[in-house]
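The sequence shown begins at 11 in my numbering and counts up by one.
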Amino acid sequence: MNKKISVIVAVYNTEKYIEKCLRSLLNQTYQNLEIIVVDDGSTDNSKEVLKKYSHNDKIKLIYNKKNSGLSYSRNVGLENATGDYIGYIDSDDYVDLDYYEKLMQAIIENKADIAICDMKIVDEETNTEVISKCCNSDKFNVYNVVNNGLAASACNKLFKKELISKYKFAEGKVNEDIAVVIPTIVEAKKISYANTYYYYVQRGGSIQNSGFSDKRFDIFYGVKTTLERIKDNKDYESLKDAIVFNQLVVLLLYVIPKEKKFFSRYKVLKKYFSLINEYDVKNNKLYQKFLNQESRINKIYYSNLVNLNVKRLFILDNLWISLYHLLRDVKHIKQRNIISDVSLDDLKKCAIKQNSYAKTNIKISVVIPNYNYARFLYERVYSILNQDYPIYELIILDDCSSDNSLEVINKIVSNINKYINVKVVPNEKNSGNAFSQWQKGFKLASGDYVWICEADDYCKKDFLREAIKPINKNENIVLSYTDTGFIDIEGIIVKNSLIDQIDLLKTGHWQKNYVNDGQNEITNYAYLNCTIPNVSGTIIKKDDYEEILNISKTFKQCGDWYFYLNALKRGKIAYNKKTLNYYRLHGNNISSTMNRKKHLLEIKKIYSYLENNDNVSTEQQKNMQDRLNFLEQVWGIK
11 MNKKISVIVA VYNTEKYIEK CLRSLLNQTY QNLEIIVVDD GSTDNSKEVL KKYSHNDKIK
71 LIYNKKNSGL SYSRNVGLEN ATGDYIGYID SDDYVDLDYY EKLMQAIIEN KADIAICDMK
131 IVDEETNTEV ISKCCNSDKF NVYNVVNNGL AASACNKLFK KELISKYKFA EGKVNEDIAV
191 VIPTIVEAKK ISYANTYYYY VQRGGSIQNS GFSDKRFDIF YGVKTTLERI KDNKDYESLK
251 DAIVFNQLVV LLLYVIPKEK KFFSRYKVLK KYFSLINEYD VKNNKLYQKF LNQESRINKI
311 YYSNLVNLNV KRLFILDNLW ISLYHLLRDV KHIKQRNIIS DVSLDDLKKC AIKQNSYAKT
371 NIKISVVIPN YNYARFLYER VYSILNQDYP IYELIILDDC SSDNSLEVIN KIVSNINKYI
431 NVKVVPNEKN SGNAFSQWQK GFKLASGDYV WICEADDYCK KDFLREAIKP INKNENIVLS
491 YTDTGFIDIE GIIVKNSLID QIDLLKTGHW QKNYVNDGQN EITNYAYLNC TIPNVSGTII
551 KKDDYEEILN ISKTFKQCGD WYFYLNALKR GKIAYNKKTL NYYRLHGNNI SSTMNRKKHL
611 LEIKKIYSYL ENNDNVSTEQ QKNMQDRLNF LEQVWGIK
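Structure representation (structure tokens):
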């Protein structure tokens, strides 16, 4: 793989992001790379940041005389490119360190003209990621790629230069990619899929919160130009339907309704009709397929949305949007807030229900380590007592809280202790370490398995039943866990799965339920990162873990990972892909106060431990080093 790649980075007022972007490019595993940075008259400190790279042989800096737009900058970059292949990256985004190696590998192995990958949409405020696929089907071909919202993006692709150079980006337009990228895909002899990610940074939720600017209507110009350029293709009609639906119809279905101002939205609906009318949306096959796949309520909403627009009943169309979104928001609040208000009476009822369950062969000891989480204790205890599987005992540990936790705990206990085997163990002095509480919990527990329930987390009522299922069939399981999601301080779901953050190697291992040998789990997956996201979503076989936890206490961020690695050597691990546990994000927990430099040192400490105690392969060592390099780059640690 010695073909040269030119990466074009257009910069405009991204001083906060450009270094992270450039580091992700400079540290690429693919070496034959030139980086062409075009500054489009930035008025912030972007130019000062770029000066740091003026002596770097891999970077070619170009400064536009005036602000001329993204399209102009990309065209200038392409004119100065000397590579055989062209990549584009926006200056506030970044890529995996092996990004271009994998794209080029996909091109060479498949003798393709273009390689395409998935995106991860990174929310800047919450630092959560959502995967956006580049193809909606298992069958990767031109039609299925074009029939996707990412088809028009230049950024998640690597192009043969002679192909992408055929068309210039339309200067003065937004949504400028489409009329260049889609015709290039259609005209390519072959396209290929690369198993890597482009990270698109969604800044400040701006996409969701912004109004609908008239500039967004430039997409109609782009679609018209695109269709003209591909009109001689044998699959023109099906490609046209895909382009019109994914690039234009979705504006009416999803984007325009986000405009919150009623009269502004009315004007947008009128202009939209004047531009969309020539495309006969009602008979678009993909639109019809879309309706057929929707629920009855959504089908009524979307069909009326289009029908009223086609009939030019713009005021009714606008009112219809307002009504639907009012109803949807009410439903959304009910669905996304998984936690209802909990009273002492609710806890008592759950305790009575728990007391009515028949005894089971496998006894579960529940341990709640608490420190200053008084406000969450009713909710937490409710989620435990509400399980549809019996708990054997409830042990509440308070680590010398300075809030009113003990008062709340005593109220809870006085209402449930007639029905539940419950004990409270307060510390006279704060231990300063979560794993000290784990140690105490394991010592006090008398059940077969221990469920450590962090006091600020939450779970669904079937968590225990699902976690126990594989253990009923295999007594050698030492750890059984489910997928975990994030909730915010108010109990609103922020992210409903953490699989994308666990599966760093993109193995697909967590796409289905499994039982695996513990050592095999370490060798293939858990050696690289902590693959059990939250102890609250895990039940652990009762055993003597004293020595292990003594070492876990020497860590600040990676103590749980060290514990799991050692526990896995004692038996098997089971996983359930349902999201049944929720980790709460707020200002006081470890994840929010993480010291990145210390965290990196602890990861190195784990890797050193594995290298000294396990047969770490050359491939594993490479993956470890790649991860360290990546974290140094994205965390800005030198």
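The C-beta atom is built at its ideal place from N, Cα and C for all residues, glycine as well. Predicted model, so just to flag it, every value in this text is computed and none were measured.
Would you mind working out which of the options sits nearest residue i, comparing C-alpha positions?
i	options	result
PHE473	PHE255, LEU395, LYS552	LEU395
PRO267	ASP245, GLY232, SER223, LYS579	SER223
ILE532	LEU578, GLN567, ILE550, LEU514	LEU578
LYS143	LEU160, VAL156, VAL152	LEU160
PHE227	SER490, TRP448, THR194, LEU285	LEU285
LYS176	ILE550, ASN185, THR194, ASP408	THR194
ILE478	ILE372, TYR73, SER456, GLU557	ILE372
ASP54	THR24, TYR40, VAL48, TRP448	THR24
ASN526	ILE503, ASP513, PRO480	PRO480
LYS552	TYR388, ASP398, GLY457, ILE331	GLY457
LEU261	THR236, TYR297, GLU247, LEU249	TYR297
TYR468	ASN427, GLN511, SER393, LEU514	SER393
ILE426	SER34, SER353, GLU438	SER353
Based on DSSP bridge pairs, tell me the residues matched to residue i.
i	result
TRP6	No information on residue 6 is available, as it lies outside the stretch 11 to 648 that the chain covers here.
GLY495	TYR592
SER202	ALA125
PRO436	ASP408
GLN212	ASP133
PRO400	Bridge partners of PRO400: none, in fact.
SER44	Per the sequence shown, residue 44 should be read as Glu rather than Ser. Note: GLU44 sits in a beta bridge opposite SER16.
LYS582	ILE487, ASP527
SER142	MET129
ASP67	Its beta-bridge partners do not exist; DSSP assigns none.
TYR104	TYR209
GLY97	VAL17, LEU168
ASN293	DSSP, once it has assigned bridges, lists no residue as partnering ASN293.
VAL460	SER375, ILE550
ASP49	VAL21, TYR73
Helix, strand or coil: which one does DSSP assign to residue i?
i	result
VAL443	Val is not the amino acid found at residue 443; the sequence shown has Asn there. DSSP places ASN443 in coil when its eight states are reduced to three.
ILE426	helix
ALA465	coil
GLU186	coil
ALA91	coil
THR564	coil
VAL19	strand
SER602	The predicted model places SER602 with a pLDDT of 38, which falls under 50 and marks its position as unreliable; any figure quoted below should be read in that light. Here SER602 sits in helix by DSSP.
LYS373	coil
SER78	coil
LYS552	coil
TYR312	helix
PHE283	helix
LYS270	coil
LYS178	coil
VAL254	helix
ILE349	coil
In whole angstroms, what separates the C-alpha of residue i from that of residue j?
i	j	result
VAL376	GLU403	6 angstroms
SER81	PHE150	29 angstroms
TYR210	ILE131	5 angstroms
TYR312	ILE374	48 angstroms
LYS13	ASN42	7 angstroms
VAL626	TYR555	24 angstroms
CYS165	TYR208	7 angstroms
ALA122	TYR203	10 angstroms
LYS280	ILE310	21 angstroms
ILE616	ASP570	11 angstroms
LEU107	ASP187	25 angstroms
ASN256	GLN630	41 angstroms
VAL140	GLN212	11 angstroms
ARG637	ILE349	36 angstroms
LYS167	VAL391	49 angstroms
TYR399	ASN622	41 angstroms
ILE15	ALA189	22 angstroms
TRP448	GLU476	23 angstroms
SER546	ASN591	7 angstroms
SER601	ASN586	Its pLDDT being 43, under 50, SER601 is placed unreliably in this model, and the value from its coordinates should be taken loosely. Each residue's Cα considered, the two are about 24 angstroms apart.
CYS568	ALA584	21 angstroms
ASN294	ASN302	13 angstroms
Under 8 angstroms: do the stretch 560-574 and the stretch 472-486 share three or more Cβ pairs, one atom per stretch?
Not touching, per the Cβ criterion.
Touching by the beta-carbon criterion (3+ pairs, under 8 angstroms), the stretch 406-426 and the stretch 494-504
Pairwise C-beta distances place the stretch 406-426 out of contact with the stretch 494-504, as fewer than three of them are shorter than 8 angstroms.
Does the stretch 106-125 touch the stretch 54-74, meaning 3 or more C-beta pairs lie closer than 8 angstroms?
no
Given 8 angstroms, three or more beta-carbon pairs between the stretch 426-441 and the stretch 457-468:
no
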